[in-house]
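K.L.:
Got a structure here, written out as structure tokens. Questions coming.
In the working numbering, the protein residues as written are 9 to 180.
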């Protein structure tokens with residue numbers, strides 16, 4: 009139980025709220041806090057002129073073991089074992105079943121047409137062969153007429169020298 013008029017210690021710190029406002033505390037006091045697991049953990053509280061519920065900071069949450077920092081995650085299965093176990097997922101090209109996939113747009117979606125990005129001269133032959141191969145495999149198809157949507161092509165060169173082709177969806 010907290011005393012009715014606890015004595016505040018002077019403090020020179022300035023607190024910053026979530027909305028980026030500075031608060032100057034009247035002072036601070038130490039309160040012993042408890043959880044189901046821990047009893048009487050002394051934590052600093054700062055008294056401010058704001059009508060809100062008390063807030064427990066990150067340090068207090070850590071000391072009360074309400075949250076924990078996890079530095080490493082262990083995994084009992086290797087990448088190769090995972091690929092072998094789910095080989096149907098990692099084989100071939102992923103496709104949607106049977107019918108074309110319908111993308112539902114927001115009501116206020118406005119078509120965007122991006123100009124083509126420049127492709128470095130050194131990558132142009134590789135890009136052309138990648139596009140030709142993907143067209144043959146049915147991954148992409150050539151469009152010879154104007155469309156409402158044109159996304160920018162992002163080319164990523166993989167460590168093995170092959171190209172990964174992606175679309176930049178930032179303005180879609």
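We put the CB at the ideal spot given by N, CA and C, even for glycine.
Treat the numbers as computed from the prediction; the structure is a model and nothing was measured.
#1: Is the beta carbon of residue 142 sitting closer than 7 Å to the one on residue 148?
#2: For residue 160, which of helix, strand or coil comes out of DSSP?
#3: Go through the stretch 22–60 residue by residue and report every complete run of the beta strand (DSSP E) that reaches 3 residues or more, in order.
#4: When burial is assigned at 16 or more other CB atoms within 10 Å of the CB, is residue 26 buried or exposed?
#5: Return helix, strand or coil for residue 67, following the three-state DSSP convention.
#6: Could you name the residues that DSSP lists as bridge partners for residue 165?
#7: Sorted by chain position, which residues of the same chain lie with C-beta nearer than 6 Å to residue 164's C-beta, five sequence neighbours on each side aside?
#8: Rounded to whole angstroms, what's the CA-CA distance from residue 51 to residue 19? Just pull it up for me.
#9: Using DSSP with H/G/I as helix, E/B as strand and the rest coil, what is residue 91?
#10: Run through the DSSP bridge pairs and tell me what residue 17 is partnered with.
#11: Using a Cβ-Cβ cut-off of 8 Å (strictly less than) and excluding sequence neighbours within five positions of residue 166, which residues of its own chain qualify?
P.N.:
Quick answer:
#1: Cβ atoms of residue 142 and residue 148: closer than 7 Å.
#2: Residue state, collapsed to three classes: strand.
#3: Taken in chain order, the complete beta strand (DSSP E) segments of 3 or more residues contained in the stretch 22–60 are 35–41, 49–55.
#4: With fewer than 16 Cβ atoms within 10 Å of its Cβ, residue 26 is classed as exposed.
#5: In this structure, residue 67 counts as helix in the three-state DSSP scheme.
#6: 171.
#7: Sequence-distant Cβ neighbours of residue 164 in its own chain, meaning closer than 6 Å and more than five residues away, are 172.
#8: Taking C-alpha positions only, residue 51 is separated from residue 19 by approximately 15 Å.
#9: In the three-state scheme derived from DSSP, where H, G and I count as helix and E and B as strand, residue 91 is classed as helix.
#10: Paired residue(s): 36.
#11: So the list reads 172, once near-sequence residues are dropped.
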